[in-house]
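Structure first, commentary second.
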Amino acid sequence: MGETSEGAAAALGSDAPPALRIPFSASTLEREPILTERMRMRPLVVEDARDVWEYAQLPDVIRYIPWPQRSEDEARDHNARRSGMRLMEKNEDGIILACELIGESSIGRPGDRVIGDVMLRIDDLESADIEIGWVFHPDFQGRGLASEAASAAIDVAFDRLGAHRVHAMLDARNDASAALCRRLGMRHEATFLEDEFFKGEWTDSAVFAVLHREWIAR
1 MGETSEGAAA
11 ALGSDAPPAL
21 RIPFSASTLE
31 REPILTERMR
41 MRPLVVEDAR
51 DVWEYAQLPD
61 VIRYIPWPQR
71 SEDEARDHNA
81 RRSGMRLMEK
91 NEDGIILACE
101 LIGESSIGRP
111 GDRVIGDVML
121 RIDDLESADI
131 EIGWVFHPDF
141 QGRGLASEAA
151 SAAIDVAFDR
161 LGAHRVHAML
171 DARNDASAAL
181 CRRLGMRHEA
191 TFLEDEFFKG
201 EWTDSAVFAV
211 LHREWIAR
């Protein structure tokens, strides 16, 4: 038989076992932060605590995410723990990307203000499946900033980490995040009914996802 054509080889390659490019260190993004049209995205650090507190204290922000109402001191400790997420190597490992709005002065330190953050977490190493999550200050909503940041983070998941699939798990009542997922081109794959007892009540979870081949074909 003749040699395999390039198209056939590519087709065969698409069925190859997935493999994340790990270990992936947050220091990579410290040296070369992600620059979007309006933001700089780099690993969260302890000095970001005051900016993060500005949105982490708001009831409307934490309503649909697993954060309790915290005092500022408790929030500072929580920020320190999150900023310690520096290496992606095994299931459940993740990093937090602080989203600085260029030209908006920080509240707690010199430099630009952190108006939100994006999480990337290894959900299933064997399947190269990455979970994404986000939280943003409502004062900066309606300007496309969350879409800009989440899109850049998905690029990191696919281009740098080698993910096969990126998904978001949302509280099904979180209409704003569901709309963001749709704007990003993520598909609504499932809704799980009353799968979690969350903040005193049974809640439903919605799953949105996009595959690598779908992302690059946008």
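All letters in the sequence shown, in the order written, are residues 1 to 218 by the UniProt record's numbering.
Beta carbons: idealized from backbone N, C-alpha and C, even for Gly.
What number of angstroms, rounded off, separates the C-alpha of Arg76 from the C-alpha of Trp67?
-> Position 76 of the sequence shown, counting from 1, holds the residue named residue 76. Position 67 of the sequence shown, counting from 1, holds the residue named residue 67. Answer to the nearest angstrom: the Cα atoms are 13 Å apart.
Where DSSP assigns a beta bridge to Arg81, which residues make up the other side?
-> Numbered from its first residue, the sequence shown carries residue 81 at position 81. Bridge partners of Arg81: none, in fact.
Counting Cβ pairs closer than 8 Å, one from the region 187-205 and one from the region 167-175, do we hit at least three?
-> yes
Give the secondary structure of Arg173 by DSSP, where H, G and I count as helix, E and B as strand, and everything else as coil.
-> Within the sequence shown, the letter at position 173 stands for residue 173. DSSP places Arg173 in the coil class of the three-state scheme, outside both helix and strand.
Use the C-beta contact count for Arg183: other C-beta atoms within 10 angstroms, 16 or more gives buried, fewer gives exposed.
-> As a working mapping, residue 183 is identified with position 183 in the sequence shown. So Arg183 ends up on the exposed side.
Whole angstroms is fine: what's the gap from Thr4's alpha carbon to Arg213's?
-> Within the sequence shown, the letter at position 4 stands for residue 4. Within the sequence shown, the letter at position 213 stands for residue 213. At Thr4, the pLDDT of 38 sits below 50, so the modelled position is not reliable; the number obtained from the coordinates is stated separately. If you take the alpha carbons of Thr4 and Arg213, they lie about 22 Å apart.
On the three-state DSSP scale, how would you describe Ile122?
-> Within the sequence shown, the letter at position 122 stands for residue 122. Reduced to three states, the DSSP call for Ile122 is strand.
Are the beta-carbon atoms belonging to Val156 and Leu120 less than 9 Å from one another?
-> Here residue 156 refers to the residue found at position 156 when the sequence shown is read from its first residue. Here residue 120 refers to the residue found at position 120 when the sequence shown is read from its first residue. Contact flag set, yes.
Do the region 13-32 and the region 80-88 make contact, defined as three or more Cβ pairs closer than 8 Å?
-> The region 13-32 is in contact with the region 80-88.
Please confirm whether His167 and Ile130 have their CB atoms less than 9 Å apart.
-> Here residue 167 refers to the residue found at position 167 when the sequence shown is read from its first residue. Here residue 130 refers to the residue found at position 130 when the sequence shown is read from its first residue. Going by C-beta atoms, His167 is nearer than 9 Å to Ile130.
Which runs of the beta strand (DSSP E), 3 residues or longer, sit entirely within the region 13-50?
-> Whole beta strand (DSSP E) segments, 3+ residues: 39-43.
Rounded C-beta distance between Glu54 and Ile107? I'm assuming under 8 Å.
-> The sequence position of residue 54 within the sequence shown is 54, counting from 1. The sequence position of residue 107 within the sequence shown is 107, counting from 1. So it is a contact: roughly 6 Å between Cβ atoms.
Beta-bridge pairing of Val114 - partner residues as DSSP gives them = For this step, residue 114 is matched to residue 114 along the sequence shown. Looking at the DSSP assignment, Val114 forms a beta bridge with Glu100.
Comparing alpha-carbon positions, which option in Ser27, Thr28, Pro17, Ile34 lies nearest Ala153?
-> Indexing the sequence shown from 1 puts residue 153 at position 153. If we check each option's Cα against that of Ala153, Ile34 comes out closest.
Identified DSSP bridge partners for Ile130 | Taking the first residue of the sequence shown as 1, we reach residue 130 at position 130. Paired residues: Ile122, Val166.
How big is the Cα-Cα spacing for Ala150 and Val61?
-> Start at 1 with the first residue of the sequence shown, and residue 150 comes out as number 150. Start at 1 with the first residue of the sequence shown, and residue 61 comes out as number 61. So the two alpha carbons sit approximately 17 Å from each other.
Counted within 10 angstroms of its Cβ, other Cβ atoms place Glu30 as buried (16 or more) or exposed = Position 30 of the sequence shown holds residue 30. Looking at its Cβ environment, which holds fewer than 16 other Cβ atoms inside 10 Å, Glu30 is exposed.
With DSSP as the reference, please indicate the residues paired to Arg187 in a beta bridge.
-> For the purposes of this step, residue 187 is taken as residue 187 along the sequence shown, with counting starting at 1. Arg187 pairs with Ala209.
To which residues of the same chain is Arg82 closer than 7 Å at the C-beta, ignoring the five residues directly before and after it?
-> The count along the sequence shown starts at 1 and reaches residue 82 at position 82. So the qualifying residues of the chain are Leu44, Ile96.
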